[in-house]
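Working notes, structure below.
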Amino acid sequence: MAAHSASASSFVQSLPPRIEPQYVRIVGDSVGVVNLTPAALQCLADKLTQVLSRCSLLAHKFTIHGRRRTMKVEDVQHALREMNIPMPIGALTRPQPSIRQLRMPGGEQLYVREDMDVDVQSIAQPPQTKIPVKRHIRVHWIRVDNEEEPPQEKKAKKASHGSGMSSTDLPAALRKRVTLPAELAAPSVSFRMAAQGIPKKEQILVKPSFLEPLSVEQQIYLKEIVEACVGQDDRKRQQALQSLERDTGIQELLPRLSRLIHTSVIPPDKGYS
């Protein structure tokens, strides 16, 4: 009998919270609904308990779906909307400002709001937002023979400084023809020489040329091609020659290949014949 009473007490304690009929009576009296029978109060209490339990479960599902730990007012609103229950009319009040109590000389008490210090400087001059920098590509210049190749603009500037002429005057100087003093002294002779088709000497300014820096992939490709052409493996040599013959993207490598062939063909000794 004692065990049965203990199990019954534990069963009663494990029951979920329910709305009591007395609470329904108090709420009904406050809104003007009176003279309800105990059976009606119990029925209303059971119905309200069922609706609130279902609403809390649906709101909990919306909370889990939103990947949150705390339930918000929006979750309860969505649950009521899914249950086709009109949402109660209500409003969220802002936190009231702190009020300071003052005691007047006559004995009466006066309540005023506390004046908060406002930083006018921060309002007049708000902090400037840091604009994110645009994406840019940083060029990595490869070292060749332990010397770092400067960019293309630096090479052009060095060439123009070495020739004593700025880059802006270079195109005009190329178009300008420099005549020799002999041609100025004897124009008739130069005319006859030109008419006879005899070549004459001219001074022409040629724009300085420079090799463009290669990327890492192009340098690796050039190294493998040169090693295959110079090596002893005939199969790799044939593959390298076919790649040079059919590849259409080796325009940047042509100056370096030409210089390599030129330095390889020239004999090391000047007296060699």
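When we follow full-length UniProt numbering, the leftmost residue of the sequence shown carries the number 1, and every step to the right adds one.
In this text, a Cβ means the ideal position worked out from N, Cα and C, and glycines have one as well.
Minimum C-alpha distance to residue i - residue among the options
| i | options | result |
| --- | --- | --- |
| Pro-16 | Gln-50, Val-31, Ser-30 and Leu-36 | Gln-50 |
| Arg-81 | Gln-239, Leu-58, Met-71 and Gly-66 | Leu-58 |
| Ala-39 | Gln-22, Glu-212, Arg-256 and Arg-103 | Gln-22 |
| Ile-250 | Tyr-221, Ile-204, Lys-236 and Met-71 | Tyr-221 |
| Leu-257 | Gln-218, Lys-236 and Gln-239 | Gln-218 |
| Glu-20 | Asp-29, Arg-246, Val-34 and Leu-41 | Leu-41 |
| Pro-86 | Cys-55, Gln-203 and Ile-64 | Cys-55 |
| Val-112 | Glu-252, Val-216 and Arg-103 | Arg-103 |
As assigned by DSSP and simplified to three states, the class of residue i
| i | result |
| --- | --- |
| Pro-16 | coil |
| Gln-121 | helix |
| Gln-242 | helix |
| Gln-203 | strand |
| Thr-263 | helix |
| Arg-256 | helix |
| Asp-233 | coil |
| Val-34 | coil |
| Lys-134 | coil |
| Ile-225 | helix |
| Ile-220 | helix |
Proximity of residue i and residue j at Cβ, strictly below 7 Å
| i | j | result |
| --- | --- | --- |
| Asp-46 | Phe-62 | no |
| Leu-44 | Val-24 | yes |
| Glu-108 | Ser-98 | no |
Beta-bridge partners of residue i, as assigned by DSSP
| i | result |
| --- | --- |
| Leu-110 | Leu-102 |
Span of the alpha helix (DSSP H), counted from its first residue to its last, around residue i
| i | result |
| --- | --- |
| Leu-52 | 38–65 |
| Ser-215 | From DSSP, Ser-215 is part of no alpha helix (DSSP H); its letter is neither H nor E. |
| Pro-127 | Here Pro-127 belongs to no alpha helix (DSSP H), and DSSP marks it neither H nor E. |
| Gly-28 | 21–31 |
| Asp-75 | 73–82 |
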